[in-house]
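For reference, the structure is listed below as structure tokens.
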Amino acid sequence: MNRQFPIEQLRKLPTPFYYYDLALLRKTLSAITNEVAKYANFEVHYAIKANANPKVLSVICESGLGADCVSGGVVRASLEAGFPSDKIVYAGVGKDDWEINLGLDNDILCFNVESLAELEVINELAALKNKVANVAFRINPNVGAHTHANITTGLAENKFGISMEDMIPIINKTSSMSNVKFIGLHFHIGSQILEMDDFVALCHRVNELQDLLDEHQIYVENINVGGGLGISYEAPDSESIPDFEDYFATYAKHLKLRPYQTLHFELGRAVVGQCGSLISKVLYVKQGHNKQFAILDAGMTDLIRPALYQAYHQIDNITSDEAIEVYDVVGPICESSDVFGKDVRLNKAKRGDLFAIRSAGAYGEIMASGYNCRALPKGYTSDELA
Ligand SMILES: *Cc1c(COP(=O)(O)O)cnc(C)c1O
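Structure below.
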């Protein structure tokens with residue numbers, strides 16, 4: 006049993022739903038801003054695709070972080086949440102015309118461009134509006150990361166970014182285009198990365214590319230190293246805040262930033278991952294022949310990470326302190342992958358108990374679907390329940 010949850014208030018709400026502990030979110034944001042303040046030219050953008058719940062976004066926006074967007078819908082969400090347009094950056098391999106126009110109309114800080122074809126379209130659309138769009142090139146650094154294959158993005162085989170060999174030619178190309186201005190380089194090697202050596206490898210690659218740019222007398226204002234810092238899914242209570250000190254110090258130590266440059270970060274999971282839990286009710290405890298199942302009213306439609314990435318989430322029975330038993334915790338969806346955890350040790354469960362599926366603040370609510378004609382889960386914050 007985990008006593009940190011406001012059980013009485015949670016009991017009143019229809020399950021399943023996401024519950025966000027905004028006190029933890031604020032502590033996490035302070036940890037980030039305190040670390041960043043140690044460095045003169047570091048800036049953090051929150052990767053909105055991790056969680057775009059408006060109440061969560063407004064807390065993040067208040068903290069002064071910028072916004073990292075990956076679609077027109079996300080750009081719109083960032084503007085609605087109040088992020089200033091000069092702190093909005095937009096990456097994505099397939100930006101549609103309306104999405105580019107939305108960015109142009111709102112004078113966002115930068116388009117992180119992923120191909121020559123896209124650069125040409127941005128230049129044309131900006132010309133129609135008599136604007137000059139700031140662009141950074143997303144370079145595929147061919148750096149791996151010790152994480153799940155589905156969330157590795159910086160290998161040559163991945164669809165993301167422009168290859169290193171094409172970097173100088175595409176930068177040179179911009180000087181002949183009147184409606185785009187080259188302002189930076191962008192990288193993002195993947196997500197849920199816990200080994201600082203992966204970020205060190207990225208720093209080394211950026212240093213090499215910067216030396217090459219120096220040889221060509223090309224000056225770059227902004228270096229954006231993306232996000233990817235992981236969280237502890239194993240210990241959401243004792244490791245509720247990621248080690249931001251080590252993360253930023255790693256970049257300060259290994260990336261040779263030029264004195265006139267700003268270093269941008271795009272953190273998603275590390276900001277919101279630990280503050281969210283999926284709260285679900287036990288519908289049935291079913292005795293199998295060699296297993297017992299706790300069948301929840303939440304399923305993979307509410308939280309797809311276990312089914313999609315074989316992700317582990319700690320599960321707590323927050324309404325029982327009876328002796329521990331072992332359960333397979335499953336959802337109601339007609340898919341065998343609709344399992345939140347196998348052989349999970351939990352306080353003895355009965356119909357009506359509430360389970361908290363922990364560390365679900367990132368890539369949880371935002372990835373929910375309507376499969377099986379199910380309603381999307383709602384999100385509630387500690388502030389509204391207090
Ligand atoms: C998803 C994404 C991020 C954030 O990744 P996290 O692992 O959540 O920190 C940052 N930048 C880009 C371009 C992304 O697509």
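Add 5 to the 1-based position in the sequence shown for my numbering, that's all there is to it.
Backbone N, C-alpha and C fix where the C-beta goes; we use that ideal spot for every residue, glycine too.
Just so it is clear, the structure is predicted and the values come from calculations on it, not from any experiment.
Task: Three-state secondary structure (DSSP) of C74 - done: strand
Task: Beta-carbon proximity check, Y24 vs C280, cutoff 7 Å - done: no
Open item on the list: Let me confirm a value: L70 is counted as buried when at least 16 other C-beta atoms fall within 10 Å, else exposed. Which label applies?
Closed with: buried
Open item on the list: With the cut-off set at 7 Å, would you say V140 and F88 are in Cβ contact?
Closed with: no
Open item on the list: Between the alpha carbons of D216 and G304, how many angstroms are there, rounded?
Closed with: 50 Å
- [ ] Locate the alpha helix (DSSP H) running through Q14, then write down its first and last residues.
- [x] I12 to R16
- [ ] Would you tell me roughly how many angstroms separate the C-alpha atoms of S180 and E340, rounded to the nearest one?
- [x] 53 Å
TODO: Have a look at E48, I175 and L29 and flag the residue whose alpha-carbon is nearest the alpha-carbon of V230.
DONE: E48
Task: Reduced DSSP category for T179 - H, G, I as helix; E, B as strand; rest coil - done: helix
Open item on the list: Quick check: the Cα distance between Y385 and S183, rounded to an integer number of angstroms?
Closed with: 47 Å
Open item on the list: For G78 and Y95, which I take to be in contact (beta-carbon distance under 8 Å), what is that distance rounded to the nearest angstrom?
Closed with: About 11 Å; that fails the 8 Å criterion.
Open item on the list: My output table needs one value for H191: the three-state DSSP class, helix, strand or coil.
Closed with: strand
- [ ] Using a Cβ-Cβ cut-off of 7 Å, state whether V64 counts as contacting chain C.
- [x] This model lacks chain C altogether; it includes just one protein chain.
Open item on the list: Could you compute how far the alpha carbon of Y224 sits from the alpha carbon of Q266?
Closed with: 9 Å
- [ ] In angstroms with no decimal places, state the Cα-to-Cα distance between A150 and V211.
- [x] 15 Å
TODO: Measure the CB-CB distance between L308 and A275 and report whether it falls below 7 Å.
DONE: no
Open item on the list: If you reduce the DSSP assignment to three classes, tell me which class R274 lands in.
Closed with: helix
Open item on the list: Using the three-state DSSP reduction, which class does I393 fall into: helix, strand or coil?
Closed with: No information on residue 393 is available, as it lies outside the stretch 6 to 391 that the chain covers here.
TODO: Along the beta strand (DSSP E) that carries G69, what are the first and last residues, could you check?
DONE: G69 -> no beta strand (DSSP E), and no H or E assigned at all.
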